[in-house]
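Novice: Top to bottom, those sequences are chains A and B.
Just add 16 to wherever you are in the first sequence, counting from 1, and you've got our numbering.
Just add 13 to wherever you are in the second sequence, counting from 1, and you've got our numbering.
Cβ atoms here follow ideal geometry from the backbone N, Cα and C, with glycine treated the same way.
After the structure tokens below, expect a handful of questions from me.
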Amino acid sequence: MQGESKSSYIQFRREQDFVDCILMGNWSIENNSGFQVRNEWESFFKSNPTVEVFKFQLDSNIDWDSTLVSFLHKCRNDLAEVNKSIDFQALPSGLIQLLELSKPTLLEKKQNEFSLSLELIDDTINYFRDATLSIFSFFGEWISSVVLLITGRSQSRFQDFAVSCRACGASALPIVTLISFLTGLTMAFVGSVQLEKFNAKIYVADLVCLAMVREMGALMVAIIMAGRTGASFAAEIGSMKLNEEIDSLRTFGISPMEFLIIPRTLALLLMIPLLTIYADVVGILGGLVVGTVVMDFSVIHYFEQTQVALQSMWEVYSGLLKSVVFGLIIGLVGCYKGMHSGNDSSSLGRAVTASVVVAVTIIVVVDALFEVTFSYLDLR
Amino acid sequence: MKEDSFKKPSILEVENLNLAYGEYQVLEKVSFSAKRGKCTVLMGGSGCGKSTLLKSMVGLLAPKDGRILVDTIDLWAVDQEEKTSILKKYGVLFQGGALWGSMNLVENVSLPLETYTELNEAEINDLARYKLNLVGLSGYGDFYPAQLSGGMKKRAGLARAMALDPDILFLDEPSAGLDPINSHRLDNLINELKVSLGITFIVVTHELPSIFDIADDSIFLDGQTKTLLAQGLPSDLRENSEHERVRSFLRRGTPISKN
């Protein structure tokens, strides 16, 4: 009896066209004998296809919890599939009630249906088609809203633009200062070691200054802003969507594109080149610190060398041109991801992550394309 | 606006509406009309498509088929400009209030006024505070939505919905999540606004006390058949509807003794 009370059992008593299934033992969530009973049930069920009615009853010493109910639920489903009858009459009324409550609904049955892998491919194609369509229509709507703004028929408000300018401009200064200063400083260190071998240490000024204005200033600011502002656009707009705030704008006939997205993207578009100029200067100062403190050049000597390196202002303009494109990418990706996040909090998290990952990826690719184009056009 | 009110008894007509999310059909062949200056309640069990129907009527979800006529103009057949002019006649209260979190209550109510009227700042401010007083939120104008309780957010949402003196107010489960007293207050407010301002109400709810309090007319949507099952005065439907499901819904599922 000791062993018996620890696990669950099923016994079958066959009578012509019906069978008595007697359940006994200890049916508990804490013991793991349930699978044996399931196996027994399945092998009996399969090896006796002539049985029409299955009568279930409990042994008097049985101890049970939800595991028994779920087992009976499974038996009922198995039998329903092959149109056989199940008889619960002999079970206690409480158990019958539980089984009644857990009767499968239509929805559950549908989910059990087998889905073809062809459907999966079809779904994937549809997904990409829809995504491409929605990206292009988003961009198109953005452009037409900018046109509306230029022609003075927009619902965009200047105050939203100003608030966004502060959020993605002035508030970003500390982090931009730190990162670009350290970038300039690191480049000067790395460069000085190499240039010393050729006895050309003063060219550190050229290296730092050209690398900052052409490349690192724009790229570093873009990456910072993608993590900082792009993510915040996605989170802000995504949570507004979650709270039906976007819907309530629409029901007032206010376009979310004009009211939310235009002020934000334009603010970023304006602020990013300004931050890039600032980052260029701070990066050069970082190089200057290494040049004067570590390499013992005078400040004037270092600056003169920088001036020589920067003979054409095109070097600076090309960096700014890139930064404007980066700004557009960050703003649009952030807002797009926010507008298309789902209606639950986990999809909002995914939208924010995706906004940063996608923006940084596109930025790096576009940056490479810029450099290739510039060198083909003899602009470097 | 006022001379319009004698034009036609029904302000909003829904004809053979078919609603679906992608492949998933929500409602089929729904037709009804809402009478001017009355309160029409959309009721039905959870998941029967009440909110979906509301979304379609307020211009957020394009129907697969059928028409929604607002003063005889088809909301989904006109261009954006005309649609916006229809939407200006609307006020919508969403389930959670859906107040704009970055603005305080006065700014929330002011935004539609700033967008569509030529009023100056002081006038708009006064008007916004008046609307907030109307829903019992005097003195809360400078509060942000995050500082308010659920019931207050709903009332503030109602104030914002009324900002442009709408002809039709759509309320999505206005009393869900409110305590009985506040819920009763909201019902009274709806009745008063209906009588004093002549606003047409379209209310989605499944709170029985509310339904009997505010409805002049009601439609019952059925999740199983995905259709409109019955239309009429709720107390009438409770006693005399030919559909068992409608009668039992209006009696909270208690068995019916019909004699």
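Beta carbon of S314 of chain A, beta carbon of T308 of chain A: below 9 Å?
Specialist: Against the first sequence, residue 314 of chain A aligns to sequence position 298. Against the first sequence, residue 308 of chain A aligns to sequence position 292. Yes, Cβ-Cβ distance for S314 of chain A and T308 of chain A is below 9 Å.
Novice: With a threshold of 7 Å on Cβ separation, who are the neighbours of S64 of chain B within its own chain once the five nearest residues in sequence on each side are excluded?
Specialist: Position 51 of the second sequence, counted from the first residue, corresponds to residue 64 of chain B. Result list for S64 of chain B: D185, V217, in chain order.
Novice: Whole beta strand (DSSP E) runs in the stretch 25–89 of chain B with 3 or more residues, listed along the chain?
Specialist: 37–48, 52–56, 78–83, all fully within the stretch 25–89 of chain B.
Novice: Near Y266 of chain A, what residues of its chain come up, given a Cβ to Cβ distance below 8 Å and the 5 sequence neighbours on each side ignored?
Specialist: Position 250 of the first sequence, counted from the first residue, corresponds to residue 266 of chain A. As written in the sequence, residue 266 of chain A is Arg, which differs from the Tyr given in the question. Cβ within range, chain order: P272.
Novice: Against I270 of chain A, what residues of chain B qualify as contacts under a CB-to-CB distance less than 7 Å, listed in chain order?
Specialist: Residue 270 of chain A sits at position 254 when you count from the first residue of the first sequence. By Cβ distance, chain B contributes T128.
Novice: Restricting to Cα atoms, I'd like to know which of B:G62, B:A135, B:L112 is closest to Q160 of chain B.
Specialist: Numbered from its first residue, the second sequence carries residue 160 of chain B at position 147. Measuring from the Cα of Q160 of chain B, the nearest candidate turns out to be B:L112.
Novice: Take A228 of chain B and list the residues in its own chain whose beta-carbon comes closer than 8 Å to its own, dropping the five residues that flank it on each side.
Specialist: Within the second sequence, the letter at position 215 stands for residue 228 of chain B. Correct list, in chain order: C52, T53, V54, V216, L246, P247.
Novice: Can you name the residues of chain A whose CB is closer than 7 Å to the CB of A111 of chain B?
Specialist: Numbered from its first residue, the second sequence carries residue 111 of chain B at position 98. Result: N259, E260, E261, D263, S264.
Novice: Cutting at 6 Å between CB atoms, please list the residues of its own chain near T130 of chain B, excluding the five before and the five after it.
Specialist: Position 117 of the second sequence holds residue 130 of chain B. Answer for T130 of chain B: no residue qualifies.
Novice: Mind checking whether G335 of chain A and D394 of chain A have CB atoms under 9 Å apart?
Specialist: By one-based count along the first sequence, residue 335 of chain A stands at place 319. By one-based count along the first sequence, residue 394 of chain A stands at place 378. Cβ distance not < 9 Å, so G335 of chain A and D394 of chain A don't count as in contact.
Novice: Is the CB of R265 of chain B under 9 Å away from at least one CB in chain A?
Specialist: Here residue 265 of chain B corresponds to residue number 252 of the second sequence, with the count starting at 1. Chain A, which has no Cβ nearer than 9 Å to the Cβ of R265 of chain B, makes this no.
Novice: Who are T240 of chain B's beta bridge partners in DSSP?
Specialist: Here residue 240 of chain B refers to the residue found at position 227 of the second sequence. T240 of chain B is bridged to B:D235.
Novice: Sort B:P187, B:G60, B:Y153 by Cα distance to G109 of chain B and report the nearest one.
Specialist: On the second sequence, residue 109 of chain B is found 96 positions in, with the first residue counted as 1. Of the listed residues, the one whose Cα sits closest to G109 of chain B is B:P187.
Novice: CB A169 of chain B to CB L145 of chain B, shorter than 9 Å?
Specialist: The residue given as residue 169 of chain B occupies position 156 in the second sequence. The residue given as residue 145 of chain B occupies position 132 in the second sequence. In this structure, L145 of chain B lies closer than 9 Å to A169 of chain B by Cβ.
Novice: Measuring CA to CA, which of A:T389, A:V192, A:A227 is closest to G207 of chain A?
Specialist: Residue numbering aside, residue 207 of chain A sits at position 191 when the first sequence is read from its first letter. Among A:T389, A:V192, A:A227, the Cα nearest to that of G207 of chain A is on A:A227.
Novice: What's the gap between the Cα of F156 of chain B and the Cα of A172 of chain B?
Specialist: One-based indexing of the second sequence puts residue 156 of chain B at position 143. One-based indexing of the second sequence puts residue 172 of chain B at position 159. So the two alpha carbons sit approximately 14 Å from each other.
Novice: Between which two residues does the alpha helix (DSSP H) containing W113 of chain B stretch?
Specialist: Taking the second sequence and counting its residues from 1, the one referred to as residue 113 of chain B is at position 100. Run containing W113 of chain B: none; DSSP gives neither H nor E here.
Novice: Against chain A, with Cβ distances strictly below 9 Å, would Y153 of chain B count as a contact?
Specialist: Position 140 of the second sequence, counted from the start, is the residue given in the question as residue 153 of chain B. Chain A contact via Cβ: absent.
Novice: Would you call the stretch 282–300 of chain A in contact with the stretch 111–128 of chain B, where contact means no fewer than 3 C-beta pairs closer than 8 Å?
Specialist: Not touching, per the Cβ criterion.
Novice: Return no unless some Cβ of chain B is closer than 9 Å to the Cβ of M256 of chain A.
Specialist: Position 240 of the first sequence, counting from 1, holds the residue named residue 256 of chain A. Chain B, which has a Cβ nearer than 9 Å to the Cβ of M256 of chain A, makes this yes.
Novice: For Q171 of chain A, return the contacting residues in chain B, with the cut-off set at a CB-CB distance below 8 Å.
Specialist: Reading the first sequence from its first residue, position 155 is the one you call residue 171 of chain A. The answer, in chain order, is T128.
Novice: Are there 16 or more other CB atoms within 10 angstroms of the CB of T199 of chain A, so buried, or fewer, so exposed?
Specialist: In the first sequence, residue 199 of chain A corresponds to position 183, counting from 1. Buried, since its Cβ has 16 or more Cβ neighbours within 10 Å.
Novice: Name the residue from A:L149, A:A283, A:G156 whose alpha carbon lies nearest to the alpha carbon of V340 of chain A.
Specialist: Your numbering for residue 340 of chain A matches position 324 in the first sequence. Among A:L149, A:A283, A:G156, the Cα nearest to that of V340 of chain A belongs to A:A283.
Novice: If I'm right that N42 of chain A touches K62 of chain A with Cβ under 8 Å, what's the distance once you round it to whole angstroms?
Specialist: Indexing the first sequence from 1 puts residue 42 of chain A at position 26. Indexing the first sequence from 1 puts residue 62 of chain A at position 46. N42 of chain A to K62 of chain A, Cβ: 26 Å. No contact.
Novice: Starting from K101 of chain B, find everything on chain A with Cβ-Cβ shorter than 7 Å and list it in chain order.
Specialist: Counted from its first residue, the second sequence places residue 101 of chain B at position 88. By Cβ distance, chain A contributes G269.
Novice: At least one CB of chain A closer than 9 Å to the CB of R173 of chain B: is that the case?
Specialist: Against the second sequence, residue 173 of chain B aligns to sequence position 160. Taking Cβ atoms only, chain A reaches closer than 9 Å to R173 of chain B, which makes this a yes.
Novice: DSSP three-state label for R30 of chain A, please.
Specialist: Along the first sequence, one-based indexing puts residue 30 of chain A at 14. Reduced to three states, the DSSP call for R30 of chain A is strand.
Novice: Just tell me which of A:E68, A:Y392, A:K353, A:S24 has its CA closest to the CA of L95 of chain A.
Specialist: For the purposes of this step, residue 95 of chain A is taken as the residue at position 79 of the first sequence. Nearest option by C-alpha distance: A:E68.
Novice: Counting contacts by CB-CB distance shorter than 9 Å, is S196 of chain B in contact with chain A?
Specialist: Here residue 196 of chain B refers to the residue found at position 183 when the second sequence is read from its first residue. Answer no: the Cβ-Cβ gap between S196 of chain B and chain A never drops below 9 Å.
Novice: To the nearest angstrom, how far is it from the Cα of T51 of chain A to the Cα of Q27 of chain A?
Specialist: Walking along the first sequence from the start, residue 51 of chain A turns up at place 35. Walking along the first sequence from the start, residue 27 of chain A turns up at place 11. Note that residue 51 of chain A is Phe in the sequence shown, not Thr. Computed Cα separation, rounded: 15 Å.
Novice: According to the Cβ coordinates, are T245 of chain A and C184 of chain A closer than 9 Å?
Specialist: For the purposes of this step, residue 245 of chain A is taken as the residue at position 229 of the first sequence. For the purposes of this step, residue 184 of chain A is taken as the residue at position 168 of the first sequence. Against a cut-off of 9 Å, the Cβ pair of C184 of chain A and T245 of chain A comes out as a contact.
Novice: Rounding to the nearest angstrom, what Cα-Cα distance links G110 of chain A and H89 of chain A in this structure?
Specialist: Counting from 1 along the first sequence, the entry for residue 110 of chain A is found at position 94. Counting from 1 along the first sequence, the entry for residue 89 of chain A is found at position 73. Roughly 14 Å between the two C-alpha positions.
Novice: Per DSSP, K71 of chain A is paired with what?
Specialist: Counting from one through the first sequence, the residue named residue 71 of chain A turns up at place 55. Answer is A:D36, A:D103, bridged to K71 of chain A.
Novice: DSSP three-state label for S23 of chain B, please.
Specialist: For this step, residue 23 of chain B is matched to residue 10 along the second sequence. Strand, per DSSP.
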